[in-house]
Amino acid sequence: MAYTPQYGPGTSVVAQNRRNQMNPDHKLEKVRDITDEDIVMVLGHRSPGSAYPTAHPPLAEQQEPDCPMRKLVKPTDGAKAGDRVRYVQFADSMFNAPSQPYQRTYAEMYRFRAIDPGTLSGRQIVECRERDLEQYTKLLVETEMFDPALVSMRGATVHGHSLRLSEDGMQFDALQRCVLAENGVVKYVKDQIGVPLDRAVEIGKPMDAEWLKAHSTIFHSLVGTAYRDDKEYIEYIQRIHTLRTKYGFMPTEE
Amino acid sequence: MAKIERAQKLFLDSLNQKFKGQDIESEKTTFYNFNGVRQSPRKREFMKEAEAIEKERGISMYDPERCHLGGIPMGQRQLMSYQVSGTGTYCEGDDLHFVNNAAMQQFWDDIRRTVIVGMDMAHATLQKRLGKEVTPETINEYLHILNHAMPGAAVVQEHMVETHPGLVDDCYVKVFTGDDEMADDIEPQFLIDVNKLFGEEQAESLKAEVGKSMYQAIHIPTIVSRTCDGGTTSRWSAMQIGMSFIAAYRMCAGEAAVADLSYAAKHAGVVQMGSLLPARRARGPNEPGGIKFGLFGDIIQADRKHPNDPARASLEVVGAGVMLFDQIWLGSYMSGGVGFTQYATAAYTDNILDEFTYYGMDYLKDKYDFDYTAPSPDQILEPTQDIVNDLATEVNLNAMEQYEQFPTMMEDHFGGSQRAGVMAAACGLTCSISTGNSNAGLNGWYLSMLMHKEGWSRLGFFGYDLQDQCGSANSLAMDADRGLMGELRGPNYPNYAMNVGHQGEYAAIVSGAHYGRGDEFCYSPLVKICFADPSLKFDFSDPRREFARGAVREFMPAGERSLVIPAR
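Heads up: the protein sequence lines correspond to chains A and B, in order. What the first sequence shows, in UniProt numbering, is residues 1 to 254, in sequence order. What the second sequence shows, in UniProt numbering, is residues 1 to 568, in sequence order.
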C-alpha cells in the first residue's frame with residue numbers, strides 16, 4: 001500500500017494552511033511577480049548577469065566514480081553545473097506571517113531537492129546550489145508563503161520576529177533593509193546581508209490583516225487563530241508525547 | 001484542561017515600568033528613534049570609561065558606534081531595563097552580566113571554595129591508632145588552630161610566609177553535627193546551629209540524617225579558588241587540616257598516621273560540591289558541570305525562608321541555577337562566549353516565569369484541590385501521564401496566550417530560547433511540585449517543548465533540536481547512559497551537556513519535587529546545612545535579591561586586592 005502523507009493534524013485554518021504549504025500537490029497561490037534579476041540582487045551572492053561561481057567542474061566534465069548512489073540520485077541543475085552552495089534566510093514575524101521557521105523547513109523538504117535547511121526561533125536558513133537557490137527563493141517570495149511587511153530576507157542581524165510591529169506595519173529590522181515607500185510598496189534598499197543596493201528592489205504591497213489571518217501558519221490568540229481552539233492538534237501532541245515517553249521512538253499503540 | 005483567570009498578573013508592573021507611557025497590549029510601536037546606544041545610561045558609562053582607558057593605554061577599546069554593524073549601533077529598538085523577579089529592583093541588562101555583577105561572582109565563588117569534610121575518620125585515627133584523647137576541648141582548640149591555618153597561616157614550621165588576613169577574610173571553618181549534646185560543647189563561633197537555622201521539623205530530620213557524626217564546612221579563600229580552580233578547594237583544605245591536626249594534637253609531622261588523616265581529608269571524608277568531569281571537559285571537581293541538580297537544590301536555601309511556598313523557593317533555584325549554569329558554565333567555561341546572559345535573565349526577571357508558575361499553582365488548586373501553600377507528602381498527586389499531560393498542556397497554553405496578549409512581553413523575551421525555557425520551566429515546576437516526582441516534572445517540561453514548537457512553529461536555537469525534541473523519550477528512563485532520576489542528573493548529563501537555557505530550570509524542577517512535599521532536603525542533608533550558614537558572603541536563601549544587590553552595586557564581595565595594590 002502506498003504511503004499517503006498526512007502532513008499534520010488539526011482542524012483549524014492554521015493547520016490546513018500548514019498542510020497546504022507542505023503538500024507538493026497543492027499549488028501555492030502566486031501573489032506577486034518578482035524578476036529573476038531582483039531576486040539575485042536581494043540575495044546578494046552574485047551580480048545580476050554574472051556567471052555562477054563554481055565549487056567544482058560540471059559533473060559531465062569530471063570523472064565520476066562508479067557509484068550506485070550517484071546513479072540513483074539525479075543531480076539538480078546547480079549540482080550538475082558545479083555551483084557553489086549559497087543561502088537564503090527568512091525572518092518571519094509572529095504576527096501572522098504566512099510561513100514560520102519549522103513550517104518553512106517542512107515545506108521546503110517536501111517541495112525542494114538538495115537542500116540543507118536550518119531552523120531557529122527567529123530565522124530559518126536554507127542552503128543549496130546557487131542556481132537552485134534562486135529558483136527556490138523565487139517561489140518562496142512570489143507565493144502565499146511571503147508577505148513583504150512581515151517576512152524579510154536577512155543574512156544576519158535578524159532580530160525582529162517577536163517584536164511589536166512598526167506603526168507602518170513593518171517588522172523591525174535594525175538594518176532597515178526594506179522600507180515601506182509612499183506608494184505603499186515595500187522596497188529592498190539593501191541586500192539580505194545589509195549591503196546597500198545600486199537600485200531599490202520592489203517586492204510588492206503588504207497583504208491586509210484579513211488575508212494574513214486566513215493564510216497564516218502560526219497560532220496566535222490576539223491577532224489570529226487561538227491554539228487552544230484546535231483541540232485535535234493539542235490532543236495529537238499529547239499523544240505523541242505520551243507514546244514517546246512510554247515507548248521511545250518506536251511507539252506501539254496500547 | 002480549562003483556562004482559569006488570575007486577577008493580578010505579576011508581570012504587569014514590570015512591563016509598565018519597562019515600556020513607560022506605552023500601551024503594553026498594543027502590537028504597534030515606533031522604532032529607530034531612540035538615539036541608538038546612547039539611550040542607555042549604562043552604555044554611555046561604558047563609552048566614557050573606554051574613552052579614558054584608551055587615552056591611558058593608547059589602544060582602542062569599546063566603540064559601539066563604529067564597530068557595531070558597520071556604524072549602526074544597537075538601540076534601534078528600545079534597550080529595556082529589567083526587574084529582578086521578586087525584588088522590585090530594576091537594573092539594566094548589562095548589570096546582570098556576571099562580569100559586571102559582584103554578587104553573581106561571589107555566588108559561584110562561595111560554592112567553588114566549599115567542601116565538607118567529615119571528622120569521624122580523623123578522630124578514630126587519633127583515638128585508636130595514636131591513643132590521643134579527643135574531647136570537646138580538643139575539638140574547639142583544633143578549630144581555633146584550623147581557622148588560623150585555613151586562610152593560609154603557619155602552625156608548625158618556622159620562618160613561613162603567610163597570607164594577609166585582610167585578603168582572605170572570607171575563609172573559615174565551622175562544624176555541624178546531629179548530636180545536640182556535642183553541639184552544645186562546641187564554641188558558638190565554630191558551630192552551624194541546625195536548631196536555630198531550620199524550622200523544628202526540618203532541623204530534627206536533618207539532625208537524624210547527620211546522626212552523631214561531625215562535619216567541617218570549609219570555605220577556602222575566594223582569592224585562592226579564583227587564582228587556582230575548584231579542584232584546589234579540597235587540596236588546600238586538606239593541607240591545612242593536616243597541619244592543624246598536627247598542631248592541635250601534638251603529632252609528629254612525619255609519622256605514618258598523618259597519611260591516614262591526609263587521606264581522610266583529601267579523599268575518604270570529603271564531600272565535593274561538584275564531581276569530577278570526564279577528561280574531555282577538562283575540569284576538576286568543584287566546577288559547575290559536576291554539580292548534581294539535587295545537590296544544587298540543597299545549596300539554595302530559599303525553602304528555609306519560604307517553607308510554605310514551594311513555587312517561590314523553586315523560582316529562586318531557577319534564578320540561581322540559570323545564572324551559574326547558563327551565564328557562567330555554558331556561557332563562558334564551556335563555550336568560550338561572553339556569557340549567555342539573556343538566555344538566563346529571561347527566567348529571573350520581570351516576574352514572567354513567576355506569573356506562569358503561580359498560574360500553575362492556581363490551576364492545581366482549581367482542578368485538583370492541591371494547596372501548594374501546605375507542602376506535604378500527604379497531598380501530592382499521583383504522577384500519571386494523564387495528570388502530567390493535563391498540567392503541562394494548560395500551563396503551556398496559558399503562557400503562550402500571555403505572550404500573545406501582551407506583545408510587549410513577547411518583545412521582552414525576544415528570543416525563542418528565552419520563551420521556551422520559561423514556559424517549559426513553569427510546566428515542569430507545576431508537575432514536579434504537585435507530584436513530588438522530579439522525573440514527572442521533566443516530563444512536563446518536554447511536553448511543553450513539543451507544544452510550543454507546534455503552536456508557533458519555532459522553538460529555540462539549534463540546541464533545542466537536540467534535547468527538547470527527544471526528551472520525552474528519556475525523561476522517565478533510568479537506563480544507564482540514557483536516563484537517571486532527576487536528582488542525580490546534572491549539567492554533564494549526556495543530553496544536557498551543551499545546551500543553554502535548561503540546566504538551571506532542571507535543577508529547580510528537581511528541587512520543586514521536594515519543596516512540594518515539604519522534604520527537609522533534596523539530595524544531601526550535609527549540603528543543606530552547610531549553605532544555611534549566615535557567615536557566608538552570599539546569602540543562599542535569597543539569591544535573586546543578592547543578584548539584584550549586585551546589579552545596583554550594593555553587594556560587597558570577597559577576594560578584593562585593594563590592600564595590596566596602589567590606591568586609585
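Think of the CB as a built atom: it goes at the ideal place given N, C-alpha and C, for glycine as much as any other residue.
Any chain B beta carbon closer than 9 Å to residue i
{"i": "Thr-245 (chain A)", "result": "yes"}
{"i": "Ser-152 (chain A)", "result": "no"}
{"i": "Arg-228 (chain A)", "result": "yes"}
{"i": "His-241 (chain A)", "result": "yes"}
{"i": "His-45 (chain A)", "result": "no"}
{"i": "Gly-78 (chain A)", "result": "no"}
{"i": "His-161 (chain A)", "result": "yes"}
{"i": "Arg-18 (chain A)", "result": "yes"}
Interface flag, residue i vs chain A, CB-CB below 9 Å
{"i": "Arg-549 (chain B)", "result": "no"}
{"i": "Phe-462 (chain B)", "result": "yes"}
{"i": "Met-400 (chain B)", "result": "yes"}
{"i": "Ile-72 (chain B)", "result": "yes"}
{"i": "residue 576 (chain B)", "result": "Because residue 576 (chain B) is not part of the residues shown, which for chain B are 1 to 568, the question remains open."}
{"i": "Leu-397 (chain B)", "result": "yes"}
{"i": "Thr-393 (chain B)", "result": "yes"}
{"i": "Glu-411 (chain B)", "result": "yes"}
{"i": "Ser-205 (chain B)", "result": "no"}
{"i": "Asp-298 (chain B)", "result": "no"}
Rounded C-alpha distance that separates residue i from residue j
{"i": "Gln-192 (chain A)", "j": "Leu-175 (chain A)", "result": "10 Å"}
{"i": "Asn-195 (chain B)", "j": "Leu-79 (chain B)", "result": "48 Å"}
{"i": "residue 599 (chain B)", "j": "Met-361 (chain B)", "result": "Only positions 1 to 568 of chain B appear in this structure, which leaves residue 599 (chain B) out of reach."}
{"i": "Phe-249 (chain A)", "j": "Asp-169 (chain B)", "result": "55 Å"}
{"i": "Pro-30 (chain A)", "j": "Asp-95 (chain B)", "result": "Residue identity differs from the one stated: residue 30 (chain A) is Lys in this sequence, not Pro. Using only the alpha carbons, I get a separation of about 49 Å."}
{"i": "Asp-193 (chain B)", "j": "Asp-386 (chain B)", "result": "44 Å"}
{"i": "Met-214 (chain B)", "j": "Gly-230 (chain B)", "result": "24 Å"}
{"i": "Trp-108 (chain B)", "j": "Val-318 (chain B)", "result": "15 Å"}
{"i": "Arg-419 (chain B)", "j": "His-159 (chain B)", "result": "60 Å"}
{"i": "Ala-551 (chain B)", "j": "Asp-38 (chain A)", "result": "49 Å"}
{"i": "Tyr-82 (chain B)", "j": "Met-74 (chain B)", "result": "17 Å"}
{"i": "Arg-77 (chain B)", "j": "Asp-116 (chain A)", "result": "32 Å"}
{"i": "Gly-441 (chain B)", "j": "Tyr-52 (chain A)", "result": "53 Å"}
{"i": "Cys-171 (chain B)", "j": "Pro-64 (chain B)", "result": "41 Å"}
{"i": "Glu-162 (chain B)", "j": "Thr-232 (chain B)", "result": "18 Å"}
{"i": "Ala-282 (chain B)", "j": "Tyr-333 (chain B)", "result": "10 Å"}
{"i": "Lys-187 (chain A)", "j": "Pro-58 (chain A)", "result": "36 Å"}
From the options, residue whose alpha carbon lies closest to that of residue i
{"i": "Gly-160 (chain A)", "options": "B:His-413, B:His-502 and B:Arg-561", "result": "B:His-413"}
{"i": "Ile-300 (chain B)", "options": "B:Ser-40, B:Ile-4, B:Glu-51 and B:Leu-536", "result": "B:Leu-536"}
{"i": "Ile-246 (chain B)", "options": "B:Leu-315, B:Leu-261 and B:Asp-390", "result": "B:Leu-261"}
{"i": "Thr-225 (chain A)", "options": "B:Cys-67, B:Leu-324 and B:Met-400", "result": "B:Met-400"}
{"i": "Thr-222 (chain B)", "options": "B:Arg-250, B:Met-150, B:Ala-279 and B:Glu-255", "result": "B:Met-150"}
{"i": "Ala-91 (chain A)", "options": "A:Asp-173, A:Tyr-3, A:Ser-166 and A:Ala-81", "result": "A:Asp-173"}
{"i": "Glu-181 (chain B)", "options": "B:Leu-191, B:Gly-290 and B:Cys-470", "result": "B:Leu-191"}
{"i": "Val-85 (chain A)", "options": "A:Thr-143, A:Ile-203, A:Val-126 and A:Asn-20", "result": "A:Val-126"}
{"i": "Gly-155 (chain A)", "options": "A:Glu-232, A:Val-141, A:Val-88 and A:Gln-238", "result": "A:Val-88"}
{"i": "Glu-202 (chain A)", "options": "A:Met-170, A:Pro-148 and A:Glu-210", "result": "A:Pro-148"}
{"i": "Thr-217 (chain A)", "options": "A:Leu-243, A:Gly-184 and A:Glu-144", "result": "A:Glu-144"}
{"i": "Pro-543 (chain B)", "options": "B:Gly-436, B:Ser-314 and B:Gln-22", "result": "B:Ser-314"}
Listed by chain order, chain A residues near residue i by CB distance under 9 Å
{"i": "Tyr-506 (chain B)", "result": "Ordered by position in chain A, no residue passes the 9 Å Cβ test against Tyr-506 (chain B), which lies about 17 Å from the chain."}
{"i": "Asn-35 (chain B)", "result": "The premise fails here: Asn-35 (chain B) is roughly 14 Å from chain A at the closest Cβ pair, so nothing lies under 9 Å."}
Contact list for residue i against chain B, beta-carbon separation under 8 Å
{"i": "Leu-120 (chain A)", "result": "Gly-416, Arg-458, Gly-460, Phe-461 and Phe-462"}
{"i": "Ala-174 (chain A)", "result": "Leu-69, Ile-72, Met-74, Gln-76 and Arg-77"}
Closer than 9 Å at the beta carbon, the chain B residues around residue i
{"i": "Leu-165 (chain A)", "result": "Glu-27, Lys-28, Thr-29 and Pro-407"}
{"i": "Thr-157 (chain A)", "result": "Leu-69 and Ile-72"}
Under 7 Å by beta carbon: chain A residues contacting residue i
{"i": "Ser-213 (chain B)", "result": "What Ser-213 (chain B) touches in chain A: nothing, since even the nearest Cβ is about 41 Å away."}
{"i": "Glu-404 (chain B)", "result": "His-220, Ser-221 and Leu-222"}
Contact set between residue i and chain B, taken where Cβ atoms lie within less than 7 Å
{"i": "Pro-101 (chain A)", "result": "Ser-457 and Arg-458"}
{"i": "Phe-95 (chain A)", "result": "Glu-27"}
{"i": "Thr-217 (chain A)", "result": "Ser-457"}
Neighbour list for residue i in chain A, Cβ cutoff strictly below 8 Å
{"i": "Asn-389 (chain B)", "result": "Gln-238, His-241 and Thr-242"}
Short CB-CB distance (under 9 Å) between residue i and chain D
{"i": "Thr-35 (chain A)", "result": "Annotation note: the requested chain D is absent from the structure, which comprises protein chains A and B."}
Next on the checklist: Ignoring anything shorter than 3 residues, give me the beta strand (DSSP E) runs that lie fully in the segment 93 to 133 of chain B, in order along the chain.
Outcome noted: Segments of the beta strand (DSSP E) lying fully in the segment 93 to 133 of chain B: 114 to 118.
Checklist entry - At what residue ranges does the segment 134 to 205 of chain B contain a whole run of the beta strand (DSSP E), taking only runs of 3 or more? => result Whole beta strand (DSSP E) segments, 3+ residues: 172 to 177.
Item to check | Start-end ranges of the beta strand (DSSP E) lying completely within the segment 80 to 131 of chain A, minimum 3 residues | outcome: Qualifying beta strand (DSSP E) stretches, in chain order: 85 to 92, 116 to 119 and 124 to 129.
Next on the checklist: Which complete beta strand (DSSP E) runs does the segment 227 to 278 of chain B hold, if anything under 3 residues is left out?
Outcome noted: The segment 227 to 278 of chain B contains, as complete beta strand (DSSP E) runs of 3+ residues, the segments 270 to 272 (chain order).
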